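Have a look at the structure below, then the notes.
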Amino acid sequence: MTPAPLHVAGERLLLDPAGVVSWPARRTLVVADLHLEKGSHFARRGSFVPPYDTRETVARLALAVRRYSPARLILLGDSFHDAEGSARMPVPDLAALRHVLDGLEVIWVLGNHDPAPPEGLPGENCDILRDGPLTFRHEAEAGWPKPGRAELSGHFHPKATMATRAGGVTRPCFATDARRVILPAFGAYTGGLDVRDPVVAGLFPRGGRAFLLGRDRLFSMPTGPARRAVASTEPRLATAP
6 MTPAPLHVAG ERLLLDPAGV VSWPARRTLV VADLHLEKGS HFARRGSFVP
56 PYDTRETVAR LALAVRRYSP ARLILLGDSF HDAEGSARMP VPDLAALRHV
106 LDGLEVIWVL GNHDPAPPEG LPGENCDILR DGPLTFRHEA EAGWPKPGRA
156 ELSGHFHPKA TMATRAGGVT RPCFATDARR VILPAFGAYT GGLDVRDPVV
206 AGLFPRGGRA FLLGRDRLFS MPTGPARRAV ASTEPRLATA P
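Last residue of the sequence shown: 246 (the working numbering), numbering continuous.
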C-alpha cells in the first residue's frame with residue numbers, strides 16, 4: 006500500500022489506504038471507530054447479521070500494526086459499539102485483540118458509543134489527548150484547532166464521491182485541511198456521512214481535501230468551502246455514527 010504524506014502543524018503524517026494514520030516521528034498509529042461487537046449489539050435486539058465484524062476488524066488492525074510497527078496505538082473512540090462490547094467478545098477474538106495490543110502503549114480515547122474504558126484490555130483512557138502540536142479526540146470541535154495546532158478525530162465516518170468515466174464512486178475517506186484530519190471509520194460494519202453534508206463541511210470553512218480509500222492507494226479530491234456545502238443527495242444512515 007502507498008500512504009499519502011500530509012503536513013499539519015509542522016508534523017508529517019502518513020494517511021494509509023487501510024484508513025489509519027501513522028505519525029512516524031512519534032512511532033504512533035492512529036485509528037478511529039472500530040465499533041467492535043456491533044453485530045452482537047444488533048443481534049441482542051433481534052436484528053441478526055453475520056457475527057464476524059469483530060474478527061475482520063481485528064485482523065485488519067493486526068495488518069496495520071505489522072505494517073508500521075508502532076510503539077503507541079491511539080484509538081479515537083467508539084472502539085466498541087457499546088459499553089458492554091468488550092465483555093461480549095468471543096474468546097478467540099479477544100485473544101487476537103490482546104495479541105495485537107501486546108507490547109504497545111495503548112490509548113483509548115473515549116467516544117459516544119463507549120464512554121467507559123473496555124474491561125480486561127491493556128491501556129490508558131482519556132477524553133482528549135494532547136501530544137506536542139497535535140490534539141486527539143473522538144469528535145472534532147468546531148472552531149478548533151488554534152493556530153499552530155492540529156486535531157485528529159473520528160466520529161463522522163466521512164465518505165466522498167469521486168466522478169469517474171464509469172460514474173460516481175463513493176468510498177470512505179479522510180477529510181482534511183491544513184489543521185484538521187477526520188479519519189474514516191475502521192470497523193467492518195460502519196456506514197458513512199458525506200463530506201458535503203453541512204455537519205462535516207462546516208468543520209472546513211475554507212474547504213479542504215478528501216482522500217478516498219482505494220485498494221492500494223488513496224485518491225485525492227478537493228472539497229468546497231462550507232458556504233457552498235449542501236446536504237448529501239444520498240440517504241442518511243438510519244443509525245448514528
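Glycine included, each C-beta is placed from N, C-alpha and C at the ideal position. Because the structure is a prediction, the values reported are computed rather than measured.
With a threshold of 16 other beta carbon atoms within 10 Å, residue 173 falls short and is exposed.
Taking a contact as a CB-CB distance under 8 angstroms, the pair residue 13 and residue 183 counts as one, their CB atoms being some 6 angstroms apart.
Distance from the CA atom of residue 178 to the CA atom of residue 215, rounded to whole angstroms, is 6 angstroms. Around the beta carbon of residue 142, 16 or more other beta carbons lie within 10 angstroms, which makes this residue buried. Excluding residues up to 5 positions away in sequence, 210, 211, 212 lie with their Cβ nearer than 7 angstroms to the Cβ of residue 230 in the same chain. When DSSP states are grouped into helix, strand and coil, residue 86 belongs to the coil group. Minimum Cα-Cα distance from residue 192 among the listed residues 133, 223, 160 corresponds to 160.
Secondary structure note for residue 157: its beta strand (DSSP E) is the uninterrupted segment 155-158.
In the structure shown, residue 97 falls within a helical segment according to DSSP collapsed to helix, strand and coil.
With respect to the 8 angstroms criterion, residue 27 and residue 19 are classified as neighbours on the basis of their beta carbons. For residue 61, the enclosing alpha helix (DSSP H) starts and ends at 58-73. A straight-line Cα-Cα distance of about 16 angstroms links residue 170 and residue 176.
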